[in-house]
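The next block holds one structure in the form of structure tokens; read it before the comments.
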């Protein structure tokens, strides 16, 4: 997991860094975590909620 985050930070710094005129590696991990929580709000191993009637 950490290797993947580190690799994407460096790739984002190479490709997105010149577009925003600065370093993106400082805040890219936070953006990645927020995007992951938007996609899977229950977390990585979260169980779906079961509605009992």
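Numbering (my numbering), first residue to last: 1 to 53. For glycine and all other residues, C-beta sits at the position ideal for the given N, C-alpha and C.
Examine the Cβ distances between the region 37 to 50 and the region 20 to 29 and report whether three or more of them are shorter than 8 Å. no
Buried or exposed by the 16-neighbour rule on C-beta atoms within 10 Å, applied to residue 35: As a first step, residue 35 must be located in the chain shown, where it is residue number 35. Exposed, since its Cβ has fewer than 16 Cβ neighbours within 10 Å.
Given residue 40, which residues of its chain have a CB within under 6 Å of its CB, disregarding the five upstream and five downstream residues? In the chain shown, residue 40 corresponds to position 40, counting from 1. So no residue of the chain qualifies.
Note the first and the last residue of the continuous alpha helix (DSSP H) segment covering residue 12. Numbered from its first residue, the chain shown carries residue 12 at position 12. Segment 2 to 15, the alpha helix (DSSP H) holding residue 12.
According to DSSP, is residue 29 part of a helix, a strand, or is it coil? Position 29 of the chain shown, counting from 1, holds the residue named residue 29. Looking at residue 29 - three-state DSSP - the assignment turns out to be helix.
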